[in-house]
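Q: Residue numbers (my numbering): 3 to 112. We treat Cβ as the ideally placed atom computed from N, Cα and C, and that holds for glycine. Here you go, one structure.
Next up, the structure:
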């Protein structure tokens, strides 16, 4: 059964963004401002989509996974297009650019 949780993501690090350490974001990344994360700030979210591949400023989609970081106070949400499904491997591959630095576990919701 598909997750029915729909969220708005305010993208503050669009695809192609380079952070202060030089890491380039290969996917859109942002905040769900209506939910507080483990750090007391808006919930972070990766936006992964096979059909939406350009840099974005906002995205409305379906929550399909939660990445639990065992060595951090934060969890990361994974949001995709309403009608899309993502595999564990797709999420693992797309989020590796950041998650490689953490002891993370992916929980699929779909």
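#1: At 3 residues or longer, what runs of the beta strand (DSSP E) sit wholly inside the segment 55-82?
#2: Out of 81, 9, 66 and 71, which has the shortest C-alpha to C-alpha gap to residue 111?
#3: Does any C-beta atom of chain B lie closer than 7 angstroms to the C-beta of residue 43?
#4: Round the Cβ separation of residue 31 and residue 49 to the nearest angstrom and send it over; I've been treating them as touching at under 8 angstroms.
#5: Between the alpha carbons of residue 94 and residue 68, how many angstroms are there, rounded?
#6: I believe residue 99 touches residue 73 by the beta-carbon criterion, under 8 angstroms. Please report the beta-carbon distance rounded to the nearest angstrom.
#7: Cα separation between residue 109 and residue 53?
#8: Decide if residue 13 is buried, meaning its Cβ has at least 16 other Cβ atoms within 10 Å, or exposed.
#9: Which residue comes first and which comes last in the alpha helix (DSSP H) that contains residue 92?
#10: Consult DSSP for residue 44 and reduce its assignment to one of helix, strand or coil.
#11: Taking the alpha-carbon positions, what's the residue 25 to residue 102 distance?
A: Let me lay it out:
#1: Correct list: 60-71 and 77-82.
#2: By one-based count along the chain shown, residue 111 stands at place 109. The residue with the shortest Cα to Cα distance from residue 111 is 66.
#3: Protein chain content of the structure displayed is limited to a single chain, and chain B is not contained in it.
#4: For the purposes of this step, residue 31 is identified with residue 29 of the chain shown, where counting begins at 1. For the purposes of this step, residue 49 is identified with residue 47 of the chain shown, where counting begins at 1. The Cβ separation is near 7 angstroms, so the contact holds.
#5: Mapped onto the chain shown, residue 94 falls at position 92. Mapped onto the chain shown, residue 68 falls at position 66. Here the C-alpha atom of residue 94 lies approximately 11 angstroms from the C-alpha atom of residue 68.
#6: The residue given as residue 99 occupies position 97 in the chain shown. The residue given as residue 73 occupies position 71 in the chain shown. That belief does not hold up - the Cβ atoms of residue 99 and residue 73 are roughly 17 angstroms apart, past 8 angstroms.
#7: For the purposes of this step, residue 109 is taken as the residue at position 107 of the chain shown. For the purposes of this step, residue 53 is taken as the residue at position 51 of the chain shown. One C-alpha to the other measures close to 22 angstroms.
#8: Looking up residue 13 in the chain shown gives position 11. It counts as buried.
#9: The sequence position of residue 92 within the chain shown is 90, counting from 1. Its alpha helix (DSSP H) spans residues 90-101.
#10: For the purposes of this step, residue 44 is identified with residue 42 of the chain shown, where counting begins at 1. In this structure, residue 44 counts as strand in the three-state DSSP scheme.
#11: By 1-based counting over the chain shown, the position of residue 25 is 23. By 1-based counting over the chain shown, the position of residue 102 is 100. Taking the straight line from one Cα to the other gives about 12 angstroms.
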